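Student: Okay, handing you the structure first.
2 protein chains.
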Amino acid sequence: MKINVSLEEAQELVLSMVNPVGETVVSLPAALGRVISRDLIAPFSEPSFDKSAFDGYAVRAGDTRSASSASPVVLQVIEEVSAGSVPVKKVVPGCAIRIMTGAPLPEGADAVVPFEDVEEALGSIVIRRPLAAGSGVIPTGNDVLEGEVIARRGRRVNALLIGVLASLGITRVPVYDQVRVAIINTGSELLDPSEKRQLGKIYVSNRYLLEARCREVGAEPVYLEGVPDEKGAIAGSLKKALEKADLVITTGGTSAGRYDVIKEALSIIGAQILFSRVAIKPGKSVIASHKDEKIILSLAGNPTAAMVTFDLVAVPAIKRMSGLEDPLLPVVTGILAGGFPSTSPRRRLLMARWKRQNGLGLIELAGKQGNVLKSSIDCNLLVDVPAGSPPLAAGQSVAAFVVGNLNDSLSEDE
Amino acid sequence: MKINVSLEEAQELVLSMVNPVGETVVSLPAALGRVISRDLIAPFSEPSFDKSAFDGYAVRAGDTRSASSASPVVLQVIEEVSAGSVPVKKVVPGCAIRIMTGAPLPEGADAVVPFEDVEEALGSIVIRRPLAAGSGVIPTGNDVLEGEVIARRGRRVNALLIGVLASLGITRVPVYDQVRVAIINTGSELLDPSEKRQLGKIYVSNRYLLEARCREVGAEPVYLEGVPDEKGAIAGSLKKALEKADLVITTGGTSAGRYDVIKEALSIIGAQILFSRVAIKPGKSVIASHKDEKIILSLAGNPTAAMVTFDLVAVPAIKRMSGLEDPLLPVVTGILAGGFPSTSPRRRLLMARWKRQNGLGLIELAGKQGNVLKSSIDCNLLVDVPAGSPPLAAGQSVAAFVVGNLNDSLSEDE
Numbered sequence: 001m002k003i004n005v006s007l008e009e010a011q012e013l014v015l016s017m018v019n020p021v022g023e024t025v026v027s028l029p030a031a032l033g034r035v036i037s038r039d040l041i042a043p044f045s046e047p048s049f050d051k052s053a054f055d056g057y058a059v060r061a062g063d064t065r066s067a068s069s070a071s072p073v074v075l076q077v078i079e080e081v082s083a084g085s086v087p088v089k090k091v092v093p094g095c096a097i098r099i100m101t102g103a104p105l106p107e108g109a110d111a112v113v114p115f116e117d118v119e120e121a122l123g124s125i126v127i128r129r130p131l132a133a134g135s136g137v138i139p140t141g142n143d144v145l146e147g148e149v150i151a152r153r154g155r156r157v158n159a160l161l162i163g164v165l166a167s168l169g170i171t172r173v174p175v176y177d178q179v180r181v182a183i184i185n186t187g188s189e190l191l192d193p194s195e196k197r198q199l200g201k202i203y204v205s206n207r208y209l210l211e212a213r214c215r216e217v218g219a220e221p222v223y224l225e226g227v228p229d230e231k232g233a234i235a236g237s238l239k240k241a242l243e244k245a246d247l248v249i250t251t252g253g254t255s256a257g258r259y260d261v262i263k264e265a266l267s268i269i270g271a272q273i274l275f276s277r278v279a280i281k282p283g284k285s286v287i288a289s290h291k292d293e294k295i296i297l298s299l300a301g302n303p304t305a306a307m308v309t310f311d312l313v314a315v316p317a318i319k320r321m322s323g324l325e326d327p328l329l330p331v332v333t334g335i336l337a338g339g340f341p342s343t344s345p346r347r348r349l350l351m352a353r354w355k356r357q358n359g360l361g362l363i364e365l366a367g368k369q370g371n372v373l374k375s376s377i378d379c380n381l382l383v384d385v386p387a388g389s390p391p392l393a394a395g396q397s398v399a400a401f402v403v404g405n406l407n408d409s410l411s412e413d414e
Numbered sequence: 001m002k003i004n005v006s007l008e009e010a011q012e013l014v015l016s017m018v019n020p021v022g023e024t025v026v027s028l029p030a031a032l033g034r035v036i037s038r039d040l041i042a043p044f045s046e047p048s049f050d051k052s053a054f055d056g057y058a059v060r061a062g063d064t065r066s067a068s069s070a071s072p073v074v075l076q077v078i079e080e081v082s083a084g085s086v087p088v089k090k091v092v093p094g095c096a097i098r099i100m101t102g103a104p105l106p107e108g109a110d111a112v113v114p115f116e117d118v119e120e121a122l123g124s125i126v127i128r129r130p131l132a133a134g135s136g137v138i139p140t141g142n143d144v145l146e147g148e149v150i151a152r153r154g155r156r157v158n159a160l161l162i163g164v165l166a167s168l169g170i171t172r173v174p175v176y177d178q179v180r181v182a183i184i185n186t187g188s189e190l191l192d193p194s195e196k197r198q199l200g201k202i203y204v205s206n207r208y209l210l211e212a213r214c215r216e217v218g219a220e221p222v223y224l225e226g227v228p229d230e231k232g233a234i235a236g237s238l239k240k241a242l243e244k245a246d247l248v249i250t251t252g253g254t255s256a257g258r259y260d261v262i263k264e265a266l267s268i269i270g271a272q273i274l275f276s277r278v279a280i281k282p283g284k285s286v287i288a289s290h291k292d293e294k295i296i297l298s299l300a301g302n303p304t305a306a307m308v309t310f311d312l313v314a315v316p317a318i319k320r321m322s323g324l325e326d327p328l329l330p331v332v333t334g335i336l337a338g339g340f341p342s343t344s345p346r347r348r349l350l351m352a353r354w355k356r357q358n359g360l361g362l363i364e365l366a367g368k369q370g371n372v373l374k375s376s377i378d379c380n381l382l383v384d385v386p387a388g389s390p391p392l393a394a395g396q397s398v399a400a401f402v403v404g405n406l407n408d409s410l411s412e413d414e
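Note that the protein sequences, when read in sequence, are chains A and B.
No gaps in the numbering here: position 276 of the first sequence is 276 in UniProt numbering, and each next residue is one more.
No gaps in the numbering here: position 179 of the second sequence is 179 in UniProt numbering, and each next residue is one more.
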């Protein structure tokens with residue numbers, strides 16, 4: 001058991017113990033947002049035949065070489081092919097076939113002239129400019145080549161990928177299972193928000209916060225009843241959680257006081273502690289342990305601290321267990337829009353928001369830091385302030401972990 | 001009816017006809033991702049009492065003024081308050097109360113010294129440094145003040161907001177209804193991806209693409225059977241769609257050929273056309289009409305064109321109908337990572353991907369443009385190239401509409 005590890009060491013210790021949880025096959029619409037578990041290969045080229053890019057006439061480009069306004073070329077229309085039909089005739093010299101968008105190019109033709117560019121009369125068309133071979137034609141394999149890798153294992157499925165898979169007739173998609181995350185809130189001071197207020201008690205925000213955060217990162221929360229600060233009750237809940245979930249999160253009961261019973265509960269169930277405490281503020285009080293090849297992360301009861309350590313330690317684990325290629329949180333650098341007045345004897349994480357300004361990455365700190373949730377509603381970054389840093393000045397360059405959706409920063413005016 | 005309108009005019013004409021579709025009340029967990037329909041006000045301050053920031057001892061700061069290592073101050077511990085309990089005694093001069101994280105500060109005390117900083121023996125603690133008044137105390141209202149607006153109407157609910165609402169005992173959330181979007185794919189060449197391949201036919205990717213895109217923007221897709229290129233069949237499907245959905249999308253049948261029957265179908269059901277064609281490439285073939293106070297957007301059959309116009313014209317409408325504050329697509333500016341070889345006689349939209357590099361917003365064009373879906377899988381931007389532009393050079397600054405998730409650009413190395 002290690003004590004007071006660095007954030008990177010904490011992440012590594014946890015990541016070294018987890019693997020993707022399993023895989024399954026889902027229907028195409030159900031694959032949205034899921035992570036692909038096997039490389040997807042194109043079963044055929046797309047388009048699978050040369051086709052017309054628009055409604056027009058399939059011709060031989062050679063026939064139009066001398067066409068001009070002064071000396072137009074006249075071609076005889078010998079057939080019409082609608083989209084979904086197949087041409088019967090060949091385009092021989094002097095002839096054209098009327099063709100609709102997406103219809104297969106007839107044999108002999110190598111270009112399509114759009115309807116708007118020609119006049120048709122008495123079964124013939126008049127062409128007034130030369131066409132290049134291939135113009136107006138979408139060639140076989142233009143989008144996808146047979147055998148090509150369409151999507152690699154470990155990527156998340158978005159709408160565009162679903163469109164591509166549909167075009168290739170792929171209706172069953174191999175994906176990783178969603179990670180089931182059990183959340184246990186400990187603390188005799190906790191009330192459910194549906195209960196009546198009581199002096200000295202608080203509503204359990206961690207349950208709802210972490211359940212929602214799980215959903216935001218593609219995991220499936222499994223809620224277990226909250227338990228009081230009592231080692232036996234916590235141990236019982238942990239046992240249930242290990243049966244029902246792939247990863248167990250507890251909140252509360254991790255700090256130094258005599259009511260801090262998480263360690264005793266972990267000992268009762270025989271969990272091995274990986275580390276206790278991470279050298280960051282907020283969020284130093286974290287205990288990571290494992291039992292039955294599953295990780296138990298015990299976070300502080302304070303919602304801000306719980307959220308920060310959930311994002312920094314639990315989310316990478318969830319990402320790896322979800323099968324995602326790169327489990328670590330992305331880091332962006334940017335210019336601070338405003339300063340931070342305090343020194344940071346310990347490594348500190350500041351809630352912040354990415355802000356766009358003329359293509360530059362500005363980073364705006366939340367108005368309040370520490371023990372506040374409301375100030376963080378619009379935050380999508382955690383600025384990483386190294387231990388020993390002096391106060392931060394506006395205009396200074398900083399690095400930040402991306403923990404939320406950057407698109408949320410786009411709604412305001414530049 | 002207007003012909004060949006600008007993109008901005010198209011958006012305005014459609015937006016001027018739509019309103020939020022309705023509102024409802026959902027449970028707190030179900031509010032994730034939904035749009036709030038009424039300002040949410042804090043019913044009480046949070047915290048609602050002064051509380052201890054950690055496990056320690058509540059003291060009077062004045063008692064510790066002279067404390068030093070050489071001359072420590074000794075205080076008598078008169079009570080213990082666990083989280084969730086309420087102190088019975090007052091802290092009088094010379095005394096301290098043992099207190100757990102989150103427990104209410106006892107009367108008379110104005111500071112908390114952490115367990116780690118003192119020794120307790122024989123019912124007394126020894127303090128070796130002075131405390132400032134307020135240190136170790138989280139004051140009432142530190143996070144939220146009673147009566148404060150927690151979230152304004154028109155914002156989307158994220159996990160952090162759910163945490164704040166839970167802490168305030170708000171368990172029922174007023175949200176706008178999700179927009180129901182009917183999707184009708186027309187075209188005799190279309191096969192469902194579950195069907196056997198046939199020469200000259202293609203799998204209907206638009207259905208799956210647009211359904212998934214609807215889900216990505218928080219709308220609820222309503223699928224209607226595909227219909228052949230036949231005005232009566234299309235008209236029948238449109239009627240059903242207007243009954244079931246708030247917004248109707250059709251794909252296919254909008255270009256200039258003789259099989260292009262969307263306009264005839266719109267005329268059969270008595271829809272009024274707002275505009276036909278938008279001056280952009282790809283995606284010029286769009287018809288917007290309205291009937292029964294609902295918008296019908298008829299997009300091209302080509303998936304790339306359908307997707308571009310869905311994002312640029314349908315998404316703003318969906319956003320307004322969803323109740324979001326700002327329906328227009330955000331625009332970012334950035335430096336092109338590579339050039340584009342063609343001139344743009346018409347306004348052109350190029351599929352691209354945001355790329356981070358040293359805090360700069362780099363924009364990387366997709367390898368292929370036009371009639372390709374696969375190249376666009378990783379795209380989250382549409383670069384806006386004004387009509388009359390020469391080829392684009394690497395290093396040039398361009399503006400782009402954000403159509404996808406910017407976080408998707410963060411996984412690669414800088």
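We put the CB at the ideal spot given by N, CA and C, even for glycine.
Since the structure is predicted, the reported quantities are computational estimates derived from the model, not experimental observations.
Strictly by DSSP, which residues pair up with residue 95(B)?
Tutor: In the DSSP output, where bridge partners are listed per residue, residue 95(B) has 76(B).
Student: As a quick exercise: from 19(B), 36(B) and 320(B), pick the residue whose alpha carbon is nearest that of residue 293(B).
Tutor: Nearest of 19(B), 36(B) and 320(B) to residue 293(B), Cα basis: 19(B).
Student: I'd like to know if residue 205(A) contacts chain B, where contact means its C-beta is closer than 8 Å to some C-beta of that chain.
Tutor: Judged by the 8 Å Cβ criterion, residue 205(A) is in contact with chain B.
Student: Here's the rule: buried if 16 or more other CB atoms are within 10 angstroms of the residue's CB, otherwise exposed. What is residue 284(B)?
Tutor: Flag for residue 284(B) reads buried.
Student: Determine the extent of the beta strand (DSSP E) in which residue 114(A) is found, giving its start and end residues.
Tutor: That run of the beta strand (DSSP E) goes 111-114.
Student: Can you confirm whether residue 216(A), when its beta carbon is compared against all beta carbons of chain B, has any partner nearer than 8 Å?
Tutor: By this cut-off, residue 216(A) is an interface position.
Student: For residue 219(B), does the three-state DSSP call read helix, strand or coil?
Tutor: Reduced to three states, the DSSP call for residue 219(B) is coil.
Student: Are the beta-carbon atoms of residue 169(A) and residue 197(B) separated by less than 8 Å?
Tutor: Going by C-beta atoms, residue 169(A) is nearer than 8 Å to residue 197(B).
Student: Select from the segment 224-245 of chain B all residues with a C-beta closer than 9 Å to any C-beta belonging to chain A, and list them in chain order.
Tutor: Those residues of the segment 224-245 of chain B that come within reach of chain A (Cβ to Cβ, closer than 9 Å) are 228 and 229.
Student: Inspect the beta-carbon positions of residue 331(B) and residue 400(B) and report whether they are closer than 8 Å.
Tutor: Their beta carbons are under 8 Å apart, which means residue 331(B) touches residue 400(B) by this criterion.
Student: What first and last residue would you give for the alpha helix (DSSP H) that runs through residue 294(B)?
Tutor: Run containing residue 294(B): none in the alpha helix (DSSP H); it sits in the beta strand (DSSP E), 294-299.
Student: Identify the residues that DSSP records as bridge partners of residue 58(B): which are they?
Tutor: Partner(s): 97(B) and 112(B).
Student: Tell me which same chain residues have a C-beta within less than 8 Å of the C-beta of residue 410(A), skipping the five on either side of it?
Tutor: Contacts found: 356.
Student: Tell me whether the beta-carbon of residue 323(B) lies closer than 8 Å to the beta-carbon of residue 112(B).
Tutor: Against a cut-off of 8 Å, the Cβ pair of residue 112(B) and residue 323(B) comes out as no contact.
Student: What is the DSSP secondary structure of residue 258(A), reduced to helix, strand or coil?
Tutor: Legend: pLDDT at residue 258(A) = 49, less than 50; position of this residue unreliable, value from coordinates given subsequently. In this structure, residue 258(A) counts as coil in the three-state DSSP scheme.
Student: For chain E, check one thing: does any of its Cβ atoms lie closer than 8 Å to the Cβ of residue 208(B)?
Tutor: Looking at the structure shown, chain E is missing, and the protein chains on hand are A and B.
Student: Give the DSSP-derived three-state secondary structure of residue 17(A) in the structure shown.
Tutor: Residue state, collapsed to three classes: coil.
Student: Using a Cβ-Cβ distance cut-off of 8 Å, determine whether residue 105(B) contacts chain A.
Tutor: No, its Cβ sits nowhere closer than 8 Å to a Cβ of chain A.
Student: Could you confirm whether any beta carbon from chain B is found closer than 8 Å to the beta carbon of residue 143(A)?
Tutor: Yes, residue 143(A) counts as interfacial toward chain B.
Student: Give the straight-line distance between the Cα atoms of residue 221(A) and residue 390(A), rounded to the nearest whole angstrom.
Tutor: Rounded to the nearest angstrom, the two C-alpha atoms are 40 Å apart.
Student: Please give the ranges of any beta strand (DSSP E) in the segment 373-403 of chain A, keeping only runs that are unbroken, at least 3 residues long and fully inside the region.
Tutor: Entirely contained in the segment 373-403 of chain A, the beta strand (DSSP E) runs reaching 3 residues are, in chain order, 381-385 and 397-402.
Student: With three or more C-beta pairs closer than 8 Å as the rule, is the segment 171-189 of chain A touching the segment 76-93 of chain A?
Tutor: The answer is no - the segment 171-189 of chain A does not touch the segment 76-93 of chain A, with fewer than three Cβ pairs under 8 Å.
Student: Along the segment 157-185 of chain B, where does the CB come closer than 9 Å to a CB of chain A? Name the residues.
Tutor: Within the segment 157-185 of chain B, the qualifying residues are 157, 158, 159, 160, 161, 162, 163, 164, 165, 166, 167, 168, 169, 170 and 171.
Student: So which residues of chain B does residue 303(A) contact, with C-beta pairs closer than 8 Å?
Tutor: Residues of chain B passing the Cβ test: 163 and 167.
Student: Could you check whether the Cβ of residue 53(B) sits closer than 8 Å to any Cβ belonging to chain A?
Tutor: Yes, residue 53(B) counts as interfacial toward chain A.
Student: Looking at the secondary structure, which residues open and close the beta strand (DSSP E) in which residue 277(B) lies?
Tutor: Per DSSP, residue 277(B) belongs to the beta strand (DSSP E) from 272-278.
Student: Per DSSP, what kind of secondary structure is residue 413(B) in: helix, strand or coil?
Tutor: Because the pLDDT of residue 413(B) is 45, which lies under 50, any placement of that residue in the model is unreliable, and the question is left without a value.
Student: Helix, strand or coil: how does DSSP classify residue 241(A) here?
Tutor: The answer is helix: DSSP assigns residue 241(A) an H, G or I state.
Student: Would you say residue 82(B) reaches chain A, if we count a Cβ-Cβ gap shorter than 8 Å as a contact?
Tutor: It does; some Cβ of chain A falls within 8 Å.
Student: Note down, in chain order, each residue of its chain lying with its Cβ closer than 7 Å to the Cβ of residue 175(A), except the 5 sequence neighbours on either side.
Tutor: Excluding sequence neighbours, residue 175(A) sits near 23, 24, 26, 31, 34, 35, 36 and 37.
Student: Short of 9 Å Cβ to Cβ, which residues in the segment 17-29 of chain A face chain B?
Tutor: Of all residues in the segment 17-29 of chain A, 28 and 29 have a Cβ within less than 9 Å of some Cβ in chain B.
Student: Let me know the alpha helix (DSSP H) ranges lying completely inside the segment 115-181 of chain B, each 4 residues or longer, listed in chain order.
Tutor: As far as the segment 115-181 of chain B is concerned, its whole alpha helix (DSSP H) runs of at least 4 residues are 159-167.
Student: For residue 225(B), which of 251(B), 317(B) and 130(B) has the nearest alpha-carbon?
Tutor: When only C-alpha atoms are compared, the closest one is 251(B).
Student: Have a look at residue 10(B) and residue 387(B) and give me their C-alpha separation to the nearest angstrom.
Tutor: Cα to Cα, residue 10(B) sits roughly 17 Å from residue 387(B).
Student: So, with DSSP's three-state summary, where would you put residue 415(B)?
Tutor: Only positions 1 to 414 of chain B appear in the structure, and residue 415(B) is not among them; the question remains open.
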